[in-house]
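Engineer: Take the sequence shown: its position 70, counting from 1, is numbered 70 in the UniProt record's numbering, and each next residue is one higher. After the structure tokens below, expect a handful of questions from me.
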Amino acid sequence: MPKTTVHVFSCIPTLSQQVQKQLPHLNVITVNSPGVCRKYGNVITEKDLTTLQHAEILLVDNNLLAQMLYKLPRLQWAQGTWAGVEGLMKECIDQAPPQYPVTRMAAQSFSQLMSEYTLGWIITHERNWMQCRQNQLSSEWIHEGQIAYYRSISDLTIGVMGMGIIGKEVARCLKCFGGTVHAFTRTPPTPDNTSQHVDKYRHTGELKEFLQECDYIVNIMPSTPDTKEMLGNDILSNAKKDAVLINIGRGDVIGEGDLIKALDYNWLSAAILDVFNTEPLPSNSELWLHPKVWITPHSAGVSRSHDVCQAFVNNFNRFTNSEPLLNVINWQDGY
């Protein structure tokens with residue numbers, strides 16, 4: 001009986017080897033296109049498409065799949081390596097979704113990375129460790145202001161926008177440190193989908209009230225027509241005094257101009273940003289040098305080879321047993 005073949009087309013180092021190690025009975029084919037492995041602007045070649053014409057199971061970076069979503073005639077299932085799927089959604093605007101299921105990366109380990117980022121930045125900001133570093137470089141011992149008199153997480157109300165797998169884990173971690181956690185969701189959760197780590201839920205139509213209550217606003221929402229510009233149009237004028245925005249969801253939740261206005265008008269005291277409307281962030285963006293902005297290069301939660309491999313293995317076992325796949329993209333909802 002011939003071996004089941006899995007094609008792996010990804011820029012993640014050692015991913016193919018991880019899959020082969022975990023599933024030694026498979027025939028794993030690595031598609032290596034020279035020069036394609038850059039996170040942004042990757043362009044697949046005709047040779048890549050030719051190699052994949054017989055692919056039935058594909059483990060693939062989302063931006064690569066977007067370029068060939070309708071060009072793989074034998075494909076039965078594609079597992080993406082990223083959480084974000086807006087690039088795939090753009091390919092389906094004027095046509096029906098593909099006939100095969102596409103699953104996205106949504107492992108618990110990925111949620112932990114995002115939670116660590118959130119907690120780390122809240123503590124760093126509250127204790128002003130950035131200024132401590134500057135004081136060190138100038139050989140100054142300064143024990144005053146926010147460095148000496150800071151808030152604990154247990155003193156804070158943190159608002160989490162988006163209560164998927166990642167949002168629930170962020171809420172759980174914040175609750176472990178005694179924080180008060182509010183959640184903003186588009187619709188009220190069902191009883192079996194309600195997080196025990198959330199103190200208060202707010203929904204569509206209650207965004208102003210949500211913003212008025214939160215010391216930190218953590219956006220984890222995906223990019224959909226409903227979430228685009230959700231924090232724009234001066235809605236942040238309702239934010240609690242000295243509120244801080246942490247954006248680890250998608251950059252289009254607020255336009256750059258609206259964000260800078262919110263900072264300059266002191267509606268926000270700071271913005272900690274990992275995602276942007278345009279990535280890489282252009283060198284002429286005003287965000288780079290804004291005194292109230294902290295930037296990281298879309299690294300809050302990265303797709304690590306062993307995590308992606310485990311997510312693929314879990315779904316592969318379901319696929320071969322004709323069981324429902326996990327984290328199948330809902331093309332109508334946009335995630």
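Positions of the beta carbon are idealized from the N, C-alpha and C atoms, including for glycine.
Taking the straight line between their C-alpha atoms, what separation do you get for Lys-240 and Thr-14?
Structural biologist: Indexing the sequence shown from 1 puts residue 240 at position 240. Indexing the sequence shown from 1 puts residue 14 at position 14. The straight-line gap from Cα to Cα measures roughly 46 angstroms.
Engineer: Taking all protein chains shown into account, decide if Tyr-216 is buried (16 or more other Cβ within 10 angstroms of its Cβ) or exposed.
Structural biologist: Walking along the sequence shown from the start, residue 216 turns up at place 216. With 16 or more other Cβ atoms within 10 Å, it is buried.
Engineer: Thinking C-alpha only, which one of Glu-209, Val-102, Gln-196 is nearest Tyr-335?
Structural biologist: Position 335 of the sequence shown, counting from 1, holds the residue named residue 335. The shortest C-alpha separation from Tyr-335 is found at Val-102.
Engineer: Take Ile-166 as the anchor and find which of Cys-309, Lys-3, Gly-301 has the nearest alpha-carbon.
Structural biologist: One-based indexing of the sequence shown puts residue 166 at position 166. It is Gly-301 whose Cα lies nearest to the Cα of Ile-166.
Engineer: Taking C-beta to C-beta, are Val-308 and Ile-12 nearer than 8 angstroms?
Structural biologist: Counting from 1 along the sequence shown, the entry for residue 308 is found at position 308. Counting from 1 along the sequence shown, the entry for residue 12 is found at position 12. Yes.
Engineer: Between Leu-88 and Ile-329, is the Cβ-Cβ spacing less than 8 angstroms?
Structural biologist: What you label residue 88 is simply residue 88 of the sequence shown in a count that begins at 1. What you label residue 329 is simply residue 329 of the sequence shown in a count that begins at 1. Cβ atoms of Leu-88 and Ile-329: closer than 8 angstroms.
Engineer: If you run the structure through DSSP and keep just helix, strand and coil, what is Tyr-117?
Structural biologist: Counting from 1 along the sequence shown, the entry for residue 117 is found at position 117. In the structure shown, Tyr-117 sits in a helix (DSSP, three-state: H, G or I).
Engineer: Under the rule that 16 or more other beta-carbon atoms within 10 Å means buried, what is Pro-24, buried or exposed?
Structural biologist: Position 24 of the sequence shown, counted from the start, is the residue given in the question as residue 24. The residue in question, Pro-24, is exposed, as its Cβ has fewer than 16 Cβ neighbours within 10 Å.
Engineer: Tell me which same chain residues have a C-beta within less than 6 angstroms of the C-beta of Phe-177, skipping the five on either side of it?
Structural biologist: Sequence index remark: in the sequence shown, residue 177 carries index 177 (1-based). The residues are Ile-153.
Engineer: Give, in chain order, every unbroken run of the alpha helix (DSSP H) that is at least 4 residues long and sits entirely within the stretch 179-242.
Structural biologist: You should have 207-213.
Engineer: In this structure, does DSSP put Ala-148 in helix, strand or coil?
Structural biologist: Looking up residue 148 in the sequence shown gives position 148. Reduced to three states, the DSSP call for Ala-148 is helix.
Engineer: Kindly identify the DSSP beta-bridge partner or partners of Met-161.
Structural biologist: Mapped onto the sequence shown, residue 161 falls at position 161. Answer is Phe-184, Asn-219.
Engineer: Taking the alpha carbon of Leu-245 as the reference point, which residue from Lys-168, Met-161, Pro-222, Thr-227 has its own alpha carbon closest?
Structural biologist: The residue you call residue 245 lines up with position 245 of the sequence shown. Answer by Cα proximity: Met-161.
Engineer: Per DSSP, which one or two residues make a beta bridge with His-7?
Structural biologist: Along the sequence shown, one-based indexing puts residue 7 at 7. Answer is Ile-29, Leu-58, bridged to His-7.
Engineer: According to DSSP, is Ala-270 part of a helix, a strand, or is it coil?
Structural biologist: Residue 270 sits at position 270 when you count from the first residue of the sequence shown. In the structure shown, Ala-270 sits in a strand (DSSP, three-state: E or B).
Engineer: Nearest CA to the CA of Asn-327: which residue from Arg-250, Trp-77, Leu-119?
Structural biologist: Against the sequence shown, residue 327 aligns to sequence position 327. Cα-wise, what sits closest to Asn-327 is Trp-77.
Engineer: Cα separation between Ile-272 and Glu-279?
Structural biologist: Along the sequence shown, read from residue 1 onward, the residue named residue 272 stands at position 272. Along the sequence shown, read from residue 1 onward, the residue named residue 279 stands at position 279. Going by the C-alpha atoms only, they are around 16 angstroms apart.
Engineer: Go through its chain and collect everything with a Cβ distance to Arg-74's Cβ below 8 angstroms, but skip five positions before and after it.
Structural biologist: Taking the sequence shown and counting its residues from 1, the one referred to as residue 74 is at position 74. Cβ neighbours of Arg-74 beyond the five flanking positions: Gln-53, His-54, Ala-55, Glu-56.
Engineer: With a 10 Å radius around its C-beta and 16 neighbouring C-beta atoms as the bar for buried, classify Glu-169 as buried or exposed.
Structural biologist: In the sequence shown, the residue the question calls residue 169 occupies position 169. Under this definition Glu-169 is a buried residue.
Engineer: Using the Cα positions of Thr-190 and His-197, report the straight-line distance between them to the nearest angstrom.
Structural biologist: Along the sequence shown, read from residue 1 onward, the residue named residue 190 stands at position 190. Along the sequence shown, read from residue 1 onward, the residue named residue 197 stands at position 197. Distance between the alpha carbons of Thr-190 and His-197 is about 15 angstroms.
Engineer: Hey, out of His-290, Val-218, Leu-174, Thr-51, whose CA is closest to Gly-159's CA?
Structural biologist: Stepping through the sequence shown from its first residue, residue 159 is reached at position 159. The residue with the shortest Cα to Cα distance from Gly-159 is Val-218.
Engineer: Beta-carbon within less than 7 angstroms of Glu-209's beta-carbon, same chain only, minus the 5 sequence neighbours each way: which residues are those?
Structural biologist: Here residue 209 refers to the residue found at position 209 of the sequence shown. If we look at Glu-209 and ignore the five residues flanking it on each side, its Cβ neighbours are Arg-202.
Engineer: Taking the alpha carbon of Ile-142 as the reference point, which residue from Arg-186, Arg-127, Arg-151 has its own alpha carbon closest?
Structural biologist: Translated into the one-based positions of the sequence shown, residue 142 becomes position 142. When only C-alpha atoms are compared, the closest one is Arg-127.
Engineer: In the DSSP assignment, the alpha helix (DSSP H) including Leu-137 goes from what residue to what residue?
Structural biologist: Position 137 of the sequence shown holds residue 137. Leu-137 -> alpha helix (DSSP H) spans 129-137.
Engineer: Between the beta-carbon of Arg-186 and the beta-carbon of Gly-84, is there less than 8 angstroms?
Structural biologist: The count along the sequence shown starts at 1 and reaches residue 186 at position 186. The count along the sequence shown starts at 1 and reaches residue 84 at position 84. No; because the gap between Cβ atoms is not below 8 angstroms, this pair is not in contact.
Engineer: Let me check one thing: in DSSP terms, what residues is Gly-251 bridge-paired to?
Structural biologist: Indexing the sequence shown from 1 puts residue 251 at position 251. Paired residues: none, contrary to the question.
Engineer: Considering only C-alpha positions, which residue in the set Pro-97, Val-28, Leu-64 is nearest to Val-43?
Structural biologist: Stepping through the sequence shown from its first residue, residue 43 is reached at position 43. For the residues Pro-97, Val-28, Leu-64, the minimum Cα distance to Val-43 belongs to Leu-64.
Engineer: Between the C-alpha atoms of Gly-257 and Lys-292, what's the straight-line distance to the nearest angstrom?
Structural biologist: Residue numbering aside, residue 257 sits at position 257 when the sequence shown is read from its first letter. Residue numbering aside, residue 292 sits at position 292 when the sequence shown is read from its first letter. Roughly 14 angstroms separates the two Cα atoms.
Engineer: Please classify Gly-120: is it buried, with 16 or more other beta-carbons within 10 angstroms of its beta-carbon, or exposed?
Structural biologist: For this step, residue 120 is matched to residue 120 along the sequence shown. By the 10 Å Cβ count, Gly-120 comes out exposed.
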